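Numbering (our numbering), first residue to last: 1250 to 1648.
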C-alpha cells in the first residue's frame, strides 16, 4: 500500500510526516515535489528589505523526510489518471493507493494587463529578490508607490504586511516625505482579509493609515498597470514609480491537466469536510488546493478568502489522520470544515504587529480579537523560528 503526496510545503510536508508517524513501516509514503526546498513563505515579506535572506527561511527537505521514513521524488507531476491510479511525472509514472493533492497555488498574473510586466510580486524567492533590487534603485529616485491586491485576490494579509514594512523602510531611508504611498484593495472595507473582518479591525487599520499617512482605496480592482501609473477599475489613475500587487491564486497545471479530478473552474479540488474528494474516495486535498466556499458575498469587486499558513498546516494533519483511520479499518473520519478552523495569524506592521485570534476562520464566531503590539514584532519572529525548528526536526505533531 502506498500514499503519494503531491506538493511539499506547509500542507504537503505536514501530511507526509504525520501520516508516516501514524501508520509506521506498514505503509509507504512518497512525496513528489519539483522543489527540493521547504520554504517558510510568510517571511518572504522581509526579503526585499534585507531583513531575511532566502537561505534563512528555507532548507532541503529530503534528509528530514528520509529520517522519518518518507520517500522523496524531486519531479514535476504532470497529470493523474484516477481510474488506473497512476501519476504521470517528468521522471516516469508513479502508482498510488491513496493520493493527497497539496500542490499550493499558481499565480494568475494575467488578471489585468501589465501586472506581470510592471508590478512586483513578493510571494516567491525570485520575486522577493527582484523587489529588493528594484527598491535599491528606487531610493535614488523616489516617487509615488502603489501597494495592494487585485480583483479576485485572496492573500490580502501579505500585501498589508508589505505596505507597512515599506512605509517603515521609506522612513529609514529618509525619503518618506518624497513618497505618496497608496493602498488599493478589492475588500469592501479595510481589514476584511477575506474572512469578513474581525471586530475592531477596520477601525484599527483606518487609524494605521492615518498615522502613517497612507492613502487608500477600497472596493477597487486593477484595470491596467503601466511603468508609471496604475489604472483602477473605477477609472482613477494613480501615479506610481514602484508597484507591488498580490494577484489571485488559481489551481496548478497538474490539476487543470487532470479532468478526472473534476476540479472547479479555478482549478481547486472539491472536497467534503473531511478533505476527501466528493466523488473519488482515495483522493484527498490539503492547503491551497482545497475548494473553499465563502460564506459572504464580496462587494462590487470580487475577491477570495485566505488559504495559507495555519489552515494549510491544519488540513494536512486532518488528511493524515483520516487516511490513517481508513488504513486501520475505521469508518468514522475527522471532519472540520475550512471555515471552522481557528483563525491564528500574526500580521507584521513594520517591526510592529497585530495578533489576530478567533475560534473559527469564518463567521459566526464565539470570539475574535485583534491585539496590536506597537513596540516590536516579537510574536511574528517567534512563530517563524518555532515553525522552522519544528519542521527541520520533523515534529509535525506539534501545533
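We treat Cβ as the ideally placed atom computed from N, Cα and C, and that holds for glycine. Computed from a prediction, not measured in an experiment: that's the story for all the values here.
Report the partner residues of residue 1628 according to the DSSP bridge assignment. Along the chain shown, one-based indexing puts residue 1628 at 379. Looking at the DSSP assignment, residue 1628 forms no beta bridge with any residue, so it has no partner.
Spatial distance of residue 1601 from residue 1631 (CA atoms): Counting from 1 along the chain shown, the entry for residue 1601 is found at position 352. Counting from 1 along the chain shown, the entry for residue 1631 is found at position 382. The alpha-carbon atoms of residue 1601 and residue 1631 are separated by roughly 13 Å.
Should residue 1345 go down as buried or exposed, given a rule of 16 or more other Cβ atoms within 10 Å for buried? Position 96 of the chain shown, counted from the start, is the residue given in the question as residue 1345. With 16 or more Cβ atoms within 10 Å of its Cβ, residue 1345 is classed as buried.
How is the alpha helix (DSSP H) around residue 1367 delimited, first residue to last? Reading the chain shown from its first residue, position 118 is the one you call residue 1367. Segment 1364-1367, the alpha helix (DSSP H) holding residue 1367.
Determine, for residue 1298, whether the minimum Cβ-Cβ distance to residues of chain B falls below 8 Å. No chain B is part of this structure, which consists of one protein chain only.
Could you tell me the alpha carbon to alpha carbon distance between residue 1412 and residue 1574, rounded to whole angstroms? Position 163 of the chain shown, counted from the start, is the residue given in the question as residue 1412. Position 325 of the chain shown, counted from the start, is the residue given in the question as residue 1574. Taking the straight line joining both Cα atoms gives about 44 Å.
Kindly provide the ranges of any alpha helix (DSSP H) runs that are 4 or more residues long and lie completely inside the region 1293-1323, ordered along the chain. 1311-1316
Classify residue 1557 as buried or exposed, calling it buried when 16 or more other Cβ atoms lie within 10 Å of its own Cβ. Counted from its first residue, the chain shown places residue 1557 at position 308. Buried.
If we count the other Cβ atoms within 10 Å of its Cβ and call it buried at 16 or more, is residue 1250 buried or exposed? Within the chain shown, the letter at position 1 stands for residue 1250. Label assigned to residue 1250: exposed.
Flag this pair as yes or no: are the beta carbons of residue 1490 and residue 1393 separated by less than 8 Å? Here residue 1490 refers to the residue found at position 241 when the chain shown is read from its first residue. Here residue 1393 refers to the residue found at position 144 when the chain shown is read from its first residue. In this structure, residue 1393 lies closer than 8 Å to residue 1490 by Cβ.
Just to check my reading of the structure: residue 1438 and residue 1467 have Cβ atoms closer than 8 Å, yes? What is that Cβ distance to the nearest angstrom? Counting from one through the chain shown, the residue named residue 1438 turns up at place 189. Counting from one through the chain shown, the residue named residue 1467 turns up at place 218. Correct: roughly 6 Å between the Cβ atoms.
Residues in the same chain with beta-carbon distance under 7 Å from residue 1272, minus the five sequence neighbours each way, listed in chain order, please. What you label residue 1272 is simply residue 23 of the chain shown in a count that begins at 1. Cβ within range, chain order: 1573 and 1576.
Option nearest residue 1645 by Cα separation, candidates 1565, 1610, 1298 and 1341: As a working mapping, residue 1645 is identified with position 396 in the chain shown. The shortest C-alpha separation from residue 1645 is found at 1565.
Minimum C-alpha distance to residue 1543 - residue among 1552, 1535 and 1536: Translated into the one-based positions of the chain shown, residue 1543 becomes position 294. Ranking 1552, 1535 and 1536 by Cα distance to residue 1543 puts 1552 first.
Give the range of the alpha helix (DSSP H) segment to which residue 1458 is assigned. As a working mapping, residue 1458 is identified with position 209 in the chain shown. Per DSSP, residue 1458 belongs to the alpha helix (DSSP H) from 1450-1460.
Spell out the partners DSSP gives residue 1347 in its beta bridges. Residue mapping note: residue 1347 aligns to position 98 of the chain shown, counting from 1. 1252.
Measure how close the beta-carbons of residue 1255 and residue 1352 come, nearest whole angstrom, since I'm counting them as under 8 Å. Translated into the one-based positions of the chain shown, residue 1255 becomes position 6. Translated into the one-based positions of the chain shown, residue 1352 becomes position 103. With 8 Å as the limit, residue 1255 and residue 1352 qualify as a contact, their Cβ atoms being about 6 Å apart.
Since residue 1499 contacts residue 1518 with CB under 8 Å, what's their CB separation in whole angstroms? In the chain shown, the residue the question calls residue 1499 occupies position 250. In the chain shown, the residue the question calls residue 1518 occupies position 269. So it is not a contact: roughly 13 Å between Cβ atoms.
Hey, is the region 1330-1349 in contact with the region 1528-1538, meaning 3+ C-beta pairs nearer than 8 Å? yes
Taking C-beta to C-beta, are residue 1322 and residue 1310 nearer than 8 Å? Numbered from 1 along the chain shown, position 73 holds the residue referred to as residue 1322. Numbered from 1 along the chain shown, position 61 holds the residue referred to as residue 1310. Contact flag unset, no.
Excluding five sequence neighbours on each side, which residues of the same chain lie with their C-beta closer than 6 Å to the C-beta of residue 1370? Residue mapping note: residue 1370 aligns to position 121 of the chain shown, counting from 1. Contacts found: 1376.
If I measure Cβ to Cβ from residue 1269 and keep anything under 7 Å in the same chain, skipping five residues before and after, which residues do I get? Position 20 of the chain shown holds residue 1269. Only 1278, 1317, 1318 and 1319 meet the Cβ criterion.
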